[in-house]
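Asks: Before we start, here is the structure in question, set down as structure tokens.
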Amino acid sequence: MVGLTLITGIGTGIAMYFLRMKLYLNEVRASAWTVLLVGLISKHLDLGADHALLAACVSYAAMSDEVILKDFKSYALVGLLTSITFLIFKDTLEGIGGRLGVFAFISTLIYTAVKRMRDKLW
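For reference, each letter of the sequence shown is one residue, going -13 to 108 in the working numbering.
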């Protein structure tokens, strides 16, 4: 199940890349289409609500500015980081509004920090 969760997260990140960078949809429309598609697929395949929640979470992270997320690889990595964050913390902050947004923020913050440290070292 963990593997499928990681695939869902990375796939959502990649979908956001294509919708934003190749089809030129704005962040909100790309997020809406992505979450709708993953929600329908997870419902049809009876995967449970976690995959749709993860898709929403990754789509929030992938709404980041083009200064942060520039290419295919960055969207996939943010999808992976958000998936890991979601898996670790999904049972925390239940009932609190903005929980998925917090997870997306943490993932994007980690990605940006690691990227900046890497850029300074190399």
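Note that the Cβ used here is the ideal one computed from N, Cα and C, for glycine as well.
Since the structure is predicted, the reported quantities are computational estimates derived from the model, not experimental observations.
In the DSSP assignment, find the unbroken alpha helix (DSSP H) run with Arg104 in it and report its ends.
Replies: 85 to 107 is the span of the alpha helix (DSSP H), which, as asked, contains Arg104.
Asks: Could you tell me whether the Cβ atoms of Phe89 and Thr78 are closer together than 7 angstroms?
Replies: No, the Cβ-Cβ distance between Phe89 and Thr78 is not below 7 angstroms.
Asks: Report all residues from its chain with a CB closer than 6 angstroms to the CB of Arg85; omit the five preceding and five following residues, and keep chain order.
Replies: Hits under 6 angstroms: Leu79.
Asks: For Thr78, which of helix, strand or coil comes out of DSSP?
Replies: The answer is coil: DSSP assigns Thr78 none of H, G, I, E or B.
Asks: Enumerated in chain order, which unbroken segments of the alpha helix (DSSP H) with a length of 4 residues or greater are wholly contained in the region 21 to 72?
Replies: Segments of the alpha helix (DSSP H) lying fully in the region 21 to 72: 35 to 47.
Asks: How many whole angstroms separate the CB atoms of Val64 and Thr20, which I take to be in contact at a CB cut-off of 8 angstroms?
Replies: With 8 angstroms as the limit, Val64 and Thr20 do not qualify as a contact, their Cβ atoms being about 13 angstroms apart.
Asks: Three or more beta-carbon pairs under 8 angstroms between the region 34 to 41 and the region -12 to -2, yes or no?
Replies: Counting Cβ pairs under 8 angstroms, three or more are found: they touch.
Asks: From Ala1 to Ala62, what distance separates their C-alpha atoms?
Replies: One C-alpha to the other measures close to 9 angstroms.
Asks: Taking 7 angstroms as the cut-off, decide whether the C-beta atoms of Tyr46 and Gly81 are in contact.
Replies: Contact: no.
Asks: Our contact map puts Ala48 next to Gly(-1) with C-beta atoms below 8 angstroms; I'd like the distance itself, whole angstroms only.
Replies: At roughly 6 angstroms, the Cβ-Cβ gap stays under 8 angstroms, so Ala48 and Gly(-1) are in contact.
Asks: Count the other CB atoms, across all protein chains shown, that sit within 10 Å of the CB of Leu22; report buried if there are 16 or more and exposed otherwise.
Replies: It is exposed - the Cβ of Leu22 has fewer than 16 other Cβ atoms within 10 Å.
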